[in-house]
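Student: Numbering (my numbering), first residue to last: 1 to 223. Glycine included, C-beta positions come from ideal geometry on N, C-alpha and C. Shown below is the structure under consideration.
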Amino acid sequence: MSTVNHHPESSMLVDFSAGNLATAPSICVSAHLHFCNQCRNELLRLDQVGSNLMSEVEPTEVGEHLFDSVMSQIDQLPESDTAEVSSTSDMADSRYPLLVNKLINGSESVPKWRRLSRWLDVAQVTTGQNEYEVALHKICAGGKTPRHNHGGQEFTVVLKGSFSDEQAVYKEGDFLSCQPGDVHQPLGAQNGECICLSALAAPIELSSPFGFLMKPWLRINPM
Ligand SMILES: [Zn+2]
1 MSTVNHHPES SMLVDFSAGN LATAPSICVS AHLHFCNQCR NELLRLDQVG
51 SNLMSEVEPT EVGEHLFDSV MSQIDQLPES DTAEVSSTSD MADSRYPLLV
101 NKLINGSESV PKWRRLSRWL DVAQVTTGQN EYEVALHKIC AGGKTPRHNH
151 GGQEFTVVLK GSFSDEQAVY KEGDFLSCQP GDVHQPLGAQ NGECICLSAL
201 AAPIELSSPF GFLMKPWLRI NPM
């Protein structure tokens, strides 16, 4: 767990702590926190700062029935599901963050791997938002993915295995942010397949001469 080298920017953790981060990036940050002690500690500190700020805010008068109303709404919440993840999809893995397994098993339709190229499969998961396409990507051992431009922001967390690009090697738990205009070519590690969770905000443009062949499958398709 101490091998995580790439973390979300601190501004993302601040927004996450304040509840201001959009759903899909929050899913990626949550997945990273599963692997990263350093960011979990930072989040605890930020939560503490937030609660100190809240305690300094002047209290506001509320109606006398608010407390009862909140309590009755809590009573009506379904029992939280703490049981082991059931094996409705063989894509779930006990080493993944619980949230990721819940997304896999809780998707409206069971996610299925779709082949994008000889080396790359994708499986979309349902997240109830449409700003980002959230999906698992699988790069096979030694696989080469197409060199591509990012038309929009993309967040990626490595769930299993590792891959590299021109900048670095990314291992389990590592968090990558790609900004619009970034160009990179992920390569799968030789020693095994790599599975990542990613949230993609807009279509990516392929810069390979053969990229146009891939384009129809890489269109953003939020679900
Ligand atoms: Zn971290």
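Any contact between the region 182–194 and the region 44–54? By contact I mean 3 or more CB pairs, one from each, below 8 Å.
Tutor: no
Student: What would DSSP say about residue 193, mapped onto helix, strand or coil?
Tutor: Three-state DSSP puts residue 193 in coil, outside helix and strand.
Student: With a threshold of 6 Å (Cβ to nearest heavy atom), would residue 34 be considered close to ligand 1?
Tutor: no
Student: Taking the straight line between their C-alpha atoms, what separation do you get for residue 18 and residue 28?
Tutor: 16 Å
Student: With a cut-off of 8 Å on the beta carbons, I'd call residue 24 and residue 199 a contact; round off their distance for me.
Tutor: 4 Å
Student: For the alpha helix (DSSP H) that contains residue 56, what are its first and last residues?
Tutor: Its alpha helix (DSSP H) spans residues 37–56.
Student: Whole-angstrom Cβ separation of residue 95 and residue 160, contact assumed at under 8 Å?
Tutor: 7 Å
Student: Can you list the beta strand (DSSP E) stretches of 3 or more residues lying completely in the region 133–179, in chain order?
Tutor: Inside the region 133–179, DSSP marks whole beta strand (DSSP E) runs of 3 or more residues at positions 133–139, 148–150, 154–160, 175–178, from first to last along the chain.
Student: Residue 199 by DSSP, collapsed to three states: which one?
Tutor: Strand, per DSSP.
Student: Between residue 194 and ligand 1, is there a pair consisting of the residue's CB and a ligand heavy atom that are separated by less than 6 Å?
Tutor: no
Student: Regarding residue 28 and ligand 1, is the C-beta to nearest heavy atom distance less than 6 Å?
Tutor: no
Student: Between which two residues does the alpha helix (DSSP H) harbouring residue 73 extend?
Tutor: 66–75
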